[in-house]
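Student: Residue numbers (UniProt numbering): 1 to 48.
Ideal Cβ placement from N, Cα and C applies to all residues, glycine included.
Keep in mind that this is a model prediction, so the values were computed, not measured.
1) For the alpha helix (DSSP H) containing residue 35, list its first residue and its last residue.
2) Indicate whether residue 16 and residue 38 have their beta-carbon atoms separated by less than 8 Å.
3) Between the C-alpha atoms of residue 32 and residue 44, what's the straight-line distance to the nearest angstrom?
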């Protein structure tokens, strides 16, 4: 595994709890891609 991002959300917010990237895989855009996915996930949250 090159990276990991833990996330959670509740009624008021979504947040990244932990973000870890193996030093061998830094500066390759992997972290950016993980953050973009997390942002899309948070924006897609709908509470009824």
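Tutor: Reading from the atomic positions:
1) That run of the alpha helix (DSSP H) goes 30-43.
2) With contacts defined as CB atoms closer than 8 Å, residue 16 and residue 38 qualify as a contacting pair.
3) Roughly 18 Å between the two C-alpha positions.
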